[in-house]
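Trainee: One line per chain: the protein sequences are A and B, in this order. Residue numbers for the first sequence follow UniProt numbering, so the first one is 1 and each next one is one higher. Residue numbers for the second sequence follow UniProt numbering, so the first one is 1 and each next one is one higher.
There are 2 protein chains.
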Amino acid sequence: MSTFQGARERARREVTAAIKDEARRRVAAEGAPRLSLRAVARELGMASSALYRYFPSRDDLLTALIVDAYDAMGEAAEAGLAAAPRTDPGARWVRVCGAVRDWGLANPHEFGLVHGTPIPGYAAPRDTEQPGVRVPLALLAVAREAHEDGLLGRPAWGVTPEPVRADTKAVAAEFAPELPEPAVAALLAAWAQLIGLVSFEVFGQYNGAITAHEVFFAHAAHRLAVEVGVAAGPAAS
Amino acid sequence: MSTFQGARERARREVTAAIKDEARRRVAAEGAPRLSLRAVARELGMASSALYRYFPSRDDLLTALIVDAYDAMGEAAEAGLAAAPRTDPGARWVRVCGAVRDWGLANPHEFGLVHGTPIPGYAAPRDTEQPGVRVPLALLAVAREAHEDGLLGRPAWGVTPEPVRADTKAVAAEFAPELPEPAVAALLAAWAQLIGLVSFEVFGQYNGAITAHEVFFAHAAHRLAVEVGVAAGPAAS
DNA sequence: CGATTTCAAGAGCACCGCTCTCGTTTTTGA
DNA sequence: TCAAAAACGAGAGCGGTGCTCTTGAAATCG
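1. Taking 8 angstroms as the limit between beta carbons, can you name the residues of its chain near Pro125 (chain A), skipping five residues before and five after?
2. Thinking C-alpha only, which one of A:Glu227, A:Arg165, A:Thr87 is nearest Gln193 (chain B)?
3. Can you check whether the C-beta of Asp88 (chain B) is within less than 8 angstroms of a C-beta belonging to chain A?
4. Does DSSP put Tyr70 (chain B) in a helix, in a strand, or in coil?
5. Ala189 (chain A) CB to nearest chain B CB: under 8 angstroms?
6. Unbroken alpha helix (DSSP H) runs of length 4 or more, entirely within the UniProt domain "HTH tetR-type" (13-73) of chain B: which are they?
7. Tell me whether Ala231 (chain A) sits in a helix, a strand or coil according to DSSP, three-state version.
8. Please decide whether Gln193 (chain A) counts as near chain B, where near means a Cβ-Cβ distance under 8 angstroms.
9. Counting only Cβ pairs nearer than 9 angstroms, list the residues of chain A close to Ala212 (chain B).
10. On a CA-only basis, which of A:Leu105, A:Ala32, A:Ala91, A:Arg134 is nearest Ala218 (chain A)? Give me that one, please.
11. Going by C-alpha to C-alpha distance, which of B:Thr117, B:Val114, B:Ala186 sits closest to Thr160 (chain B)?
12. Could you check the C-alpha separation between Pro85 (chain B) and Val96 (chain B) for me, to the nearest Å?
13. Determine the DSSP secondary structure at Gln205 (chain A), reduced to helix, strand or coil.
14. Cutting at 7 angstroms between CB atoms, please list the residues of its own chain near Arg165 (chain B), excluding the five before and the five after it.
15. For Asn135 (chain B), which residues of its own chain have a beta-carbon under 7 angstroms away from its beta-carbon, when the five flanking residues on both sides are left out?
16. Answer with yes or no whether the minimum CB distance from Gly132 (chain A) to chain B is below 8 angstroms.
17. For Arg86 (chain B), which three-state DSSP category applies?
18. Using the three-state DSSP reduction, which class does Ala166 (chain A) fall into: helix, strand or coil?
19. Do Arg42 (chain A) and Leu35 (chain A) count as a contact pair if the criterion is CB distance below 8 angstroms?
20. Under a three-way DSSP split, which group does residue 259 (chain B) fall into?
21. Does DSSP put Leu179 (chain A) in a helix, in a strand, or in coil?
22. State the Cα-Cα distance for the pair Tyr70 (chain B) and Arg58 (chain A), rounded to the nearest angstrom.
23. Would the C-beta of Ala17 (chain B) count as close to the ligand ATP, meaning under 7 angstroms from any of its heavy atoms?
24. Compute the Euclidean distance between the alpha carbons of Met46 (chain A) and His109 (chain A), then round it to the nearest angstrom.
25. According to DSSP, simplified to helix, strand and coil, what is Val226 (chain A)?
26. Applying a beta-carbon distance threshold of less than 7 angstroms, which residues of chain B neighbour Ala209 (chain A)?
27. When you compare the CB of Val215 (chain A) with every CB in chain B, is at least one pair closer than 8 angstroms?
28. Within the chosen definition, does the region 206-217 of chain A reach the region 203-222 of chain B through at least 3 CB pairs nearer than 8 angstroms?
29. Just to confirm, is the Cβ distance from residue 249 (chain B) to Ala212 (chain A) under 8 angstroms?
30. Under 8 angstroms Cβ-Cβ, which residues of chain A neighbour Ile119 (chain B)?
31. Quick one: is His147 (chain A) near chain B, going by C-beta distance under 8 angstroms?
32. Going by DSSP in three states, Trp157 (chain A) sits in which element: helix, strand or coil?
33. Considering only residues of the same chain and omitting the five flanking positions on each side of Glu201 (chain A), which have a CB-CB separation below 6 angstroms?
34. Establish whether the CB of Ala17 (chain B) and some CB of chain A are separated by less than 8 angstroms.
35. On a Cα-Cα basis, can you pick out the residue from A:Arg12, A:Gly112, A:Asp127 that is closest to Pro120 (chain B)?
36. Quick one: is Ala225 (chain B) near chain A, going by C-beta distance under 8 angstroms?
The following block contains the structure:
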């Protein structure tokens, strides 16, 4: 019966979750590079070798944490997307950006896991690709649905240089065939710039130059919206 | 005599430099987190314990590498500043941005050292502060000198929300008292966004969405220039 | 020259990722 | 039902790590 043969599977899921939880705690305390399987095992009261029944290597455990982080960040972005009406793309864009920021500030180490220095010799497996695009897809959804509703303004980005158009056309073809090309190009740049803004705050790179973080970020996010064309005018909210 | 008592000092400087060089090589090969003092010592043919005569701890060695990286990146930015005439602030801005990008692409691991995930438990000492602001100061120099020459246009950034003005005024007071406040605010955001753009490229975060990296970056940098006010119009060069 | 400081080296501690072996428990299938 | 197979936890062990302590040699200083 599935009740019985599921007993082991359920136990396995629980232990797996416990390992990941403890690993997350260790990452928060010591940093991803110093994540120690032995310390996780010690904290869980099991032999270090037993962990290898659940994750064949330390990198596999890290991959699981990365996938979870991508999913959590993507989920936050999608929640931000749903938190504002389609009728106001500018506000929606700022909401999505703010959701990414809030998630990053609440989970700095997990943010570092996906947007910090890549771990050398660690090649992200396919499993991370799909969850890895949830945030940019949420941003793209704002522009796409704004365009569908006739609310997409003229992107401030302007005319994209020729060699880039092949890239943006490929992206558009896969995710938003109707979307004007400049908006796609501006969106990709805005994505990178958004992560830059969040990184600076999460990693403390402003070094004290900015203290009114929230307002500063909101204005910068609004400017990105103007750049993409989902909001108009230089004025803040 | 300084020739004799300098013998030891010179030897010390040479060994110190050799250690840093080898450490940089190891960081490039294995990543900063996995930097191993023992491996450095082994490669240099000395006992691992001997390294501690030069760097009291692994973190101190990392700090030295970080300071060097900041200086190298700052130097590159300043060289970009000098490579274009004051009469064309827009081109100058793009040059500085491009210099930062080029340096990051040429030295990805050192870039990660200063703009990647911070190492937990590692507090950047004062020594890193001054070299750490060379890049933003180069960006600021573009705007400041453009303003001095009457070449600073209206920043697209618009009116900065009130609570941020205290921050920007403090920055302006220290580094560019004459510079209009919106330009300072836009500049700080542009700095973070620039690093975001470079990070995405250096760390491979675009995941294939962009292939015409150079042109894409140049256009994005030009857009940042417009945002700050050192270039006008949406057209690319 | 003698005293003092500087340096390299070795041994050792506690930790790490990972492998292998060895009993034990659970699941499976004839 | 009951043996075969699979999954599991624990322990020992390998080579590696950062770092400390001690020892002895070399360079500098008074």
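Glycine included, every Cβ here is placed at the ideal spot set by N, Cα and C.
Mentor: Looking at the atomic coordinates:
1. Correct list, in chain order: Thr63.
2. It is A:Glu227.
3. At a cut-off of 8 angstroms between beta carbons, Asp88 (chain B) makes no contact with chain A.
4. Tyr70 (chain B) sits in a helix when the DSSP states are folded into three classes.
5. It does: the Cβ of Ala189 (chain A) has a partner Cβ on chain B nearer than 8 angstroms.
6. Qualifying alpha helix (DSSP H) stretches, in chain order: 37-44, 48-51.
7. Looking at Ala231 (chain A) - three-state DSSP - the assignment turns out to be coil, as it is neither helix nor strand.
8. With 8 angstroms as the cut-off, Gln193 (chain A) counts as an interface residue toward chain B.
9. The contacting residues are Pro161, Glu162, Pro163, Val164, Arg165, Ala166, Asp167.
10. Cα-wise, what sits closest to Ala218 (chain A) is A:Ala91.
11. Of the listed residues, the one whose Cα sits closest to Thr160 (chain B) is B:Ala186.
12. Answer to the nearest angstrom: the Cα atoms are 12 angstroms apart.
13. It is coil, neither helix nor strand.
14. Closer than 7 angstroms at Cβ, skipping near neighbours: Glu181.
15. In the sequence as displayed, the identity of residue 135 (chain B) is Val instead of Asn. Taking Val135 (chain B) as the centre and dropping the five residues before and after it, the same chain places the C-beta of Met73, Gly74, Ala77, Val100 closer than 7 angstroms to its C-beta, in chain order.
16. Judged by the 8 angstroms Cβ criterion, Gly132 (chain A) is in contact with chain B.
17. If DSSP states are grouped into helix, strand and coil, Arg86 (chain B) belongs with coil.
18. Looking at Ala166 (chain A) - three-state DSSP - the assignment turns out to be helix.
19. Taking 8 angstroms as the Cβ cut-off, Leu35 (chain A) and Arg42 (chain A) do not qualify as a contacting pair.
20. No information on residue 259 (chain B) is available, as it lies outside the stretch 1 to 237 that chain B covers here.
21. Leu179 (chain A): coil per DSSP, three-state reduction.
22. Answer to the nearest angstrom: the Cα atoms are 32 angstroms apart.
23. Here there are no bound small molecules, and the ligand ATP is not part of this structure.
24. The C-alpha of Met46 (chain A) lies about 25 angstroms from the C-alpha of His109 (chain A).
25. Assigned with DSSP and collapsed to three states, Val226 (chain A) falls in helix.
26. Within chain B, the residues near Ala209 (chain A) are Asp167, Val171, Leu188.
27. Interface residue, yes.
28. With the cut-off at 8 angstroms, the region 206-217 of chain A and the region 203-222 of chain B do not touch.
29. In the structure as shown, chain B begins at 1 and stops at 237. Residue 249 (chain B) is therefore absent and cannot be evaluated.
30. Residues of chain A with a Cβ closer than 8 angstroms to the Cβ of Ile119 (chain B) are, in chain order, Gly31, Pro33.
31. Answer no: the Cβ-Cβ gap between His147 (chain A) and chain B never drops below 8 angstroms.
32. Of the three classes helix, strand and coil, the one that applies to Trp157 (chain A) here is coil, per DSSP.
33. Only residues of its own chain outside the window of five on either side were considered, and among them His213 have a CB closer than 6 angstroms to the CB of Glu201 (chain A), listed in chain order.
34. No, because no Cβ of chain A sits closer than 8 angstroms to the Cβ of Ala17 (chain B).
35. Pro120 (chain B) has its Cα closest to that of A:Gly112, out of A:Arg12, A:Gly112, A:Asp127.
36. With a threshold of 8 angstroms between beta carbons, Ala225 (chain B) makes no contact with chain A.
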